[in-house]
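First the structure, in the form of structure tokens, and then the observations on it.
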Amino acid sequence: SQKGPKNKVMVRPFVLTDFADVKPLLDSLREGYTIALVNIKSLREADVIEVKRAVNKIKKTCDAIGGDIAGFGDDWIVVTPGFASVYRNKQTESVEVE
41 SQKGPKNKVM VRPFVLTDFA DVKPLLDSLR EGYTIALVNI KSLREADVIE VKRAVNKIKK
101 TCDAIGGDIA GFGDDWIVVT PGFASVYRNK QTESVEVE
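Count along the sequence shown from 1, add 40, and you get the number used in the numbering used here.
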């Protein structure tokens, strides 16, 4: 069997500046070959309510695909597809939606 570009895992950065930036991230996650590193700093500084809304949407998609999600500090979250998980220690935390 040959491995094509679709079979390769991609670690991809995303920057959320408003809620609309969530769609390309979710589309990539649904394809199943993307580990997303998401910078939420710009959105957090602009509108905390929109951050909660965006993270809630990402978390729901992550749960639907059997993936994993965790926060790194205040500005970053990582989202993985079902075949990967996030190592957890004091620097990583579960992403909770209130």
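All C-beta atoms in this analysis are idealised placements derived from N, C-alpha and C, irrespective of residue type, glycine included. Since this is a predicted model, take the numbers as computed values, not measurements.
Helix, strand or coil at L77 according to DSSP, with G and I counted as helix:
strand
May I ask you to list the residues that DSSP assigns as paired with I109?
V119
Would I80 pass as a contact of D58 if the rule is Cβ separation under 9 Å?
no
Hey, could you find the ends of the alpha helix (DSSP H) R70 is sitting in?
V62 to E71
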